[in-house]
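These notes are about the structure you will find just below.
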Amino acid sequence: MRYTSIDILRTIGIIVMVLVHFSENLAGATPRFAGLGAPVFAFISGISYFLWAQGQQARGKSELDISKTSVRRGLFVIGLGFLFNILVWLPEDTFTWDVLTFIGTALLVLNLARNIPIPVLVVGAILALGISPILRALAEYPLYWENGYFDPDLTLSDLAIGFLACGYFPFFPWIAYSLIGFVTASLVFGRHEAEKTYAGKVVMAGGLLMAIAATALLTRGFMPTMVSQKLVEGWTMFPPTIPYVLGTLGMGIFLFGITHRFVDLNPQAAKYRGLLDITKTFSRYSLTIYVLHHVVHLWPLWIYAVVQGYEPTYFWQKVMTTTPALGLAVLFLAICYFVLRWIGPDERYGIESWMRWVCD
Amino acid sequence: MIAEDEPGIRPTKIAATEGYASLHPPGAELQQVAFVTEAKPGQQVLLVLPQPLQCRAVLVGREAGEAPSDLAASLWLLKIPTATAEATSAEHKEHLAFARTWVEAAAPHEDAPALMMTFQGAQIVWAPGRVAVLAPAERLTALSKALIEASYYEAELREIESAIGAAWPQFQADSPLAFEFNERSIGERKRLRQRFQEVLLFHARLARLSPHIDAPHLHPPTLASQVGERLRERTRMVHRLEYLIEQIEVFEQVYEMCGQRSSDFMLARTGHILEGIIILLLIAQLTLSAFEILTSLGQ
Chain A
1 MRYTSIDILR TIGIIVMVLV HFSENLAGAT PRFAGLGAPV FAFISGISYF LWAQGQQARG
61 KSELDISKTS VRRGLFVIGL GFLFNILVWL PEDTFTWDVL TFIGTALLVL NLARNIPIPV
121 LVVGAILALG ISPILRALAE YPLYWENGYF DPDLTLSDLA IGFLACGYFP FFPWIAYSLI
181 GFVTASLVFG RHEAEKTYAG KVVMAGGLLM AIAATALLTR GFMPTMVSQK LVEGWTMFPP
241 TIPYVLGTLG MGIFLFGITH RFVDLNPQAA KYRGLLDITK TFSRYSLTIY VLHHVVHLWP
301 LWIYAVVQGY EPTYFWQKVM TTTPALGLAV LFLAICYFVL RWIGPDERYG IESWMRWVCD
Chain B
1 MIAEDEPGIR PTKIAATEGY ASLHPPGAEL QQVAFVTEAK PGQQVLLVLP QPLQCRAVLV
61 GREAGEAPSD LAASLWLLKI PTATAEATSA EHKEHLAFAR TWVEAAAPHE DAPALMMTFQ
121 GAQIVWAPGR VAVLAPAERL TALSKALIEA SYYEAELREI ESAIGAAWPQ FQADSPLAFE
181 FNERSIGERK RLRQRFQEVL LFHARLARLS PHIDAPHLHP PTLASQVGER LRERTRMVHR
241 LEYLIEQIEV FEQVYEMCGQ RSSDFMLART GHILEGIIIL LLIAQLTLSA FEILTSLGQ
């Protein structure tokens with residue numbers, strides 16, 4: 001079953017990411033809403049996986065087949081992540097641990113999570129979040145981010161450190177998003193009788209997490225130095241601090257609860273079919289759009305620099321100002337929408353269809 | 001339906017829902033009988049059913065204020081007194097035809113027509129929810145009681161049959177849970193518990209009905225006892241009871257197994273949750289230790 005709430009959230013995530021990436025990579029400016037797209041994406045990965053697995057079971061697929069397909073899909077996305085890093089960010093950034101490698105890993109973990117009781121998954125998410133500052137402290141995180149981007153040595157230990165704690169999207173604490181997404185979906189979609197009740201509880205849980213994050217940030221000044229600097233750390237995406245993870249996770253849960261309650265469970269929502277069609281289009285091709293928008297705005301930069309006789313990354317973050325960069329992002333989204341509408345909803349093209357062809 | 005100008009009886013209309021139609025010839029009486037646990041003050045109790053059933057047949061009167069729709073189970077009883085010598089008269093035949101038409105209007109479908117029985121000058125036409133009895137006035141009360149009692153048993157059986165019949169698809173959907181219960185089935189526990197309780201209640205109802213349905217014939221027989229026994233036979237109550245018990249046993253067995261599986265699963269789950277948390281803590285500790293080694297390698 002397709003839920004409009006998930007389409008809406010995924011569309012929000014992809015639009016935010018496109019705007020932020022165009023702005024950052026072309027103009028070197030970070031918009032205020034940066035850092036809100038990827039958490040939504042990671043959270044939705046848990047929800048989508050639950051619904052996908054439920055759909056497979058409904059079609060009569062065995063547990064073994066679902067596991068095999070899950071592993072294949074996970075490995076496909078990890079492979080795609082590496083390919084994306086090599087082709088888009090150039091080979092020296094192969095092991096930066098971008099969002100695709102994380103989502104692929106999350107699919108492998110979620111495959112294990114399917115048969116684990118919900119309380120254990122919640123504890124797992126809390127532990128993943130709790131140990132991440134300790135891991136960063138052990139690894140001396142700032143050493144890997146001296147120039148504002150993740151720059152590891154090509155050693156096995158640095159690769160592992162990057163993957164676990166210091167990369168762009170490290171396993172700790174990002175796996176918490178996927179696990180909580182999976183738990184949320186289990187609670188909301190796993191019991192049809194009380195969907196409305198659970199939507200309300202989900203909204204409250206999201207609000208509570210955001211409130212905890214806000215309280216932690218506001219009271220940070222009154223905390224012992226060790227706690228305020230090593231545990232709470234402030235609001236940053238790189239590194240993903242505890243308030244950031246709690247706040248963005250709360251936001252994801254809150255938005256999901258609201259949209260599920262007022263769109264999925266609301267028959268009146270069908271009146272806004274035009275808007276919902278836009279979200280459906282972006283949602284169906286979100287993975288393709290994610291890869292494509294990087295190709296579209298980064299490859300011209302690299303090629304132009306090489307043609308001009310510079311290093312490929314010479315014009316990175318300084319080729320234009322913020323306004324035209326954001327304008328290009330909007331133009332890209334508009335073209336994307338019309339092209340994808342023209343292609344149609346069958347998902348015959350794009351990375352999503354390749355994944356299904358290879359893995360299912 | 002019933003012609004309004006039938007000769008002899010000339011009722012303006014006898015529709016059960018109207019309840020209190022004026023009837024001719026004089027003495028004919030249409031009663032609505034309700035089966036209740038406790039009679040309200042002022043209600044006339046027609047029959048107290050045997051103790052385990054905890055049920056009374058009461059007369060629903062206009063003065064009692066009950067609307068027919070308020071009554072979960074009810075029976076329409078048309079009593080027509082006849083003279084002993086009347087059985088062959090034309091007027092009697094008309095009364096019988098009228099009674100038959102009236103009762104058949106309530107028959108559930110064409111292939112289950114109203115039952116007709118004749119005993120020692122008494123004639124009974126019966127269908128679920130309606131019964132007409134034509135008998136000498138002095139025998140009407142005893143016959144009515146026997147018919148009310150037998151009709152109650154039949155209504156109970158019919159209700160359980162209907163509920164069990166409707167429950168088969170859900171039963172089939174639930175039966176895999178009798179073999180395997182998992183995390184995704186937890187949400188079903190409340191419903192399974194409810195189903196099991198329902199099945200137990202059906203079984204209990206049948207157990208209470210059973211001695212009265214499958215009762216040996218009364219000796220020495222009376223007209224009323226024979227009518228009751230004949231109605232049980234004609235409506236195949238003993239066989240239906242037997243089949244129902246068999247079906248209920250299947251339901252009971254499966255839902256009992258579901259209950260056992262879910263209980264075992266929940267007990268094991270509590271242990272698994274604790275084990276899972278301990279394993280996670282160990283993994284976290286191992287991760288920290290391994291990470292410490294990794295960072296020292298890097299340095």
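Top to bottom, those sequences are chains A and B. Residue numbers 1 to 360, in this note's numbering, belong to the letters of the first sequence in order. Residue numbers 1 to 299, in this note's numbering, belong to the letters of the second sequence in order. The beta-carbon is built from N, C-alpha and C at its ideal position, and this holds for glycine as well. Predicted model, so just to flag it, every value in this text is computed and none were measured.
Task: Cutoff 9 Å: B:G129 Cβ touching any chain A Cβ - done: For the purposes of this step, residue 129 of chain B is taken as residue 129 along the second sequence, with counting starting at 1. Judged by the 9 Å Cβ criterion, B:G129 is not in contact with chain A.
Open item on the list: Would you say B:E292 lies against chain A (beta-carbon separation less than 9 Å)?
Closed with: As a working note, residue 292 of chain B is residue 292 in the second sequence. Chain A, which has a Cβ nearer than 9 Å to the Cβ of B:E292, makes this yes.
TODO: Pick helix, strand or coil for B:A215, following the three-state DSSP scheme.
DONE: For the purposes of this step, residue 215 of chain B is taken as residue 215 along the second sequence, with counting starting at 1. Coil, per DSSP.
Task: Residue environment, A:W342, which counts as buried when at least 16 other CB atoms sit within 10 Å - done: Looking up residue 342 of chain A in the first sequence gives position 342. The residue in question, A:W342, is exposed, as its Cβ has fewer than 16 Cβ neighbours within 10 Å.
- [ ] From the DSSP output, read off the bridge partner residues of B:W76.
- [x] The sequence position of residue 76 of chain B within the second sequence is 76, counting from 1. B:W76 is bridged to B:Q32, B:R130.
- [ ] Check whether the Cβ atoms of A:M251 and A:G206 sit closer than 9 Å, and answer yes or no.
- [x] Along the first sequence, one-based indexing puts residue 251 of chain A at 251. Along the first sequence, one-based indexing puts residue 206 of chain A at 206. Cβ atoms of A:M251 and A:G206: closer than 9 Å.
- [ ] Under 8 Å between beta-carbons, which chain A residues line up against B:H272? List them in chain order, please.
- [x] Looking up residue 272 of chain B in the second sequence gives position 272. Under the 8 Å cutoff, chain A gives P117, V120.
TODO: Figure out for me which residue from B:K40, B:T141, B:K93, B:Q170 has the closest Cα to the Cα of B:Y255.
DONE: As a first step, residue 255 of chain B must be located in the second sequence, where it is residue number 255. Checking every option, the nearest Cα to that of B:Y255 belongs to B:Q170.
Task: Where A:V123 meets chain B, residues with beta-carbon distance less than 7 Å - done: Counted from its first residue, the first sequence places residue 123 of chain A at position 123. By Cβ distance, chain B contributes I277, L280.
Open item on the list: Measuring only from the beta carbon, is B:K93 closer than 8 Å to any heavy atom that is part of the ligand NAD?
Closed with: Inclusion of the ligand NAD in the displayed structure is not the case, the ligand content being empty and no account of it being possible.
Open item on the list: If I follow the unbroken alpha helix (DSSP H) through A:F256, where does it start and stop?
Closed with: Here residue 256 of chain A corresponds to residue number 256 of the first sequence, with the count starting at 1. Segment 242 to 259, the alpha helix (DSSP H) holding A:F256.
Open item on the list: Rounding to the nearest angstrom, what Cα-Cα distance links A:R10 and A:A34 in this structure?
Closed with: Counting from one through the first sequence, the residue named residue 10 of chain A turns up at place 10. Counting from one through the first sequence, the residue named residue 34 of chain A turns up at place 34. Roughly 15 Å separates the two Cα atoms.
TODO: Select from the region 91 to 104 of chain B all residues with a C-beta closer than 8 Å to any C-beta belonging to chain A, and list them in chain order.
DONE: none
TODO: Between the Cα of B:L147 and those of B:S162, B:R158, B:R139, B:V131, spot the shortest distance and give me the residue it belongs to.
DONE: As a position in the second sequence, residue 147 of chain B is number 147, starting the count at 1. Measuring from the Cα of B:L147, the nearest candidate turns out to be B:V131.
TODO: Verify whether the separation of the beta carbon atoms of A:A185 and A:I12 is less than 9 Å.
DONE: Mapped onto the first sequence, residue 185 of chain A falls at position 185. Mapped onto the first sequence, residue 12 of chain A falls at position 12. Not closer than 9 Å, so no.
TODO: Would you be able to state if there are at least three C-beta pairs under 8 Å between the region 111 to 128 of chain A and the region 226 to 235 of chain A?
DONE: no
Open item on the list: Using a Cβ distance threshold of 8 Å, determine whether the region 218 to 232 of chain B contacts the region 137 to 155 of chain B, with at least three qualifying pairs required.
Closed with: yes
- [ ] Determine, using beta carbons only, whether B:L115 comes closer than 9 Å to chain A.
- [x] Here residue 115 of chain B refers to the residue found at position 115 when the second sequence is read from its first residue. B:L115 does not count as touching chain A.
Open item on the list: With H, G and I counted as helix, E and B as strand and the rest as coil, what does DSSP make of B:A83?
Closed with: As a working mapping, residue 83 of chain B is identified with position 83 in the second sequence. DSSP places B:A83 in coil when its eight states are reduced to three.
Open item on the list: For a quick check, are the C-beta atoms of B:G27 and B:P113 less than 9 Å apart?
Closed with: As a first step, residue 27 of chain B is located in the second sequence; it is residue number 27 there, counting from the start. As a first step, residue 113 of chain B is located in the second sequence; it is residue number 113 there, counting from the start. Not in contact: B:G27 and B:P113 (Cβ atoms no closer than 9 Å).
- [ ] Return no unless some Cβ of chain A is closer than 9 Å to the Cβ of B:R269.
- [x] Working through the second sequence from its first residue, we reach residue 269 of chain B at position 269. Answer yes: the Cβ-Cβ gap between B:R269 and chain A drops below 9 Å somewhere.
- [ ] Under 7 Å Cβ to Cβ from A:F50, same chain only, skipping five residues before and after it: list those, please.
- [x] As a working mapping, residue 50 of chain A is identified with position 50 in the first sequence. Cβ within range, chain order: F182, A185, S186, F189.
TODO: May I ask you to verify whether the region 257 to 265 of chain B touches the region 166 to 183 of chain B, counting CB pairs closer than 8 Å and requiring at least 3?
DONE: yes
Task: Contacts of B:I184 in chain A (Cβ-Cβ under 7 Å) - done: On the second sequence, residue 184 of chain B is found 184 positions in, with the first residue counted as 1. Residue identity differs from the one stated: residue 184 of chain B is Arg in this sequence, not Ile. Residues of chain A passing the Cβ test: G190.
Open item on the list: Short of 6 Å in beta carbon distance, which residues of its chain neighbour B:V45, apart from the five on each side in sequence? Order them along the chain.
Closed with: For the purposes of this step, residue 45 of chain B is taken as residue 45 along the second sequence, with counting starting at 1. Around B:V45: A39, R56, V58.
Task: Collapsed DSSP secondary structure at A:L19 in the structure displayed - done: As a first step, residue 19 of chain A is located in the first sequence; it is residue number 19 there, counting from the start. DSSP places A:L19 in helix when its eight states are reduced to three.
- [ ] For A:I351, name the three-state secondary structure that DSSP assigns.
- [x] Numbered from 1 along the first sequence, position 351 holds the residue referred to as residue 351 of chain A. Reduced to three states, the DSSP call for A:I351 is helix.
Open item on the list: Strictly by DSSP, which residues pair up with B:Q123?
Closed with: Against the second sequence, residue 123 of chain B aligns to sequence position 123. Partner(s): B:T118, B:L134.
Open item on the list: Could you check whether the region 154 to 169 of chain A touches the region 97 to 107 of chain A, counting it as contact only if at least three pairs of C-beta atoms, one from each stretch, sit closer than 8 Å?
Closed with: yes
Open item on the list: Beta-carbon within less than 7 Å of A:S67's beta-carbon, same chain only, minus the 5 sequence neighbours each way: which residues are those?
Closed with: Locating residue 67 of chain A in the first sequence gives position 67, counting from the first residue. These residues qualify, in order along the chain: N111.
Open item on the list: Counting only Cβ pairs nearer than 8 Å, list the residues of chain B close to A:G138.
Closed with: Here residue 138 of chain A refers to the residue found at position 138 when the first sequence is read from its first residue. Note that residue 138 of chain A corresponds to Leu in the displayed sequence, not to Gly. Ordered by position in chain B, the residues that pass the 8 Å Cβ test against A:L138 are L288, F291, E292, T295.
Open item on the list: Once the 5 residues before and after A:A269 are set aside, which same chain residues still bring their CB inside 8 Å of it?
Closed with: Counting from one through the first sequence, the residue named residue 269 of chain A turns up at place 269. Only T4, F262, V263, L276 meet the Cβ criterion.
Open item on the list: Which of the three DSSP states is assigned to B:R56 in this structure?
Closed with: Working through the second sequence from its first residue, we reach residue 56 of chain B at position 56. Of the three classes helix, strand and coil, the one that applies to B:R56 here is strand, per DSSP.
- [ ] In angstroms with no decimal places, state the Cα-to-Cα distance between B:M1 and B:A105.
- [x] As a working note, residue 1 of chain B is residue 1 in the second sequence. As a working note, residue 105 of chain B is residue 105 in the second sequence. Low per-residue confidence applies at B:M1: pLDDT is 35, beneath 50, and the placement is therefore not dependable enough to give any value.
Open item on the list: Please list the terminal residues of the continuous alpha helix (DSSP H) segment that includes A:V232.
Closed with: Residue mapping note: residue 232 of chain A aligns to position 232 of the first sequence, counting from 1. Here A:V232 belongs to no alpha helix (DSSP H), and DSSP marks it neither H nor E.
Task: Contacting residues, own chain, Cβ-Cβ under 8 Å from B:V311 (five flanking each side not counted) - done: Because chain B is modelled from 1 through 299, residue 311 of chain B falls outside the range shown and cannot be assessed.
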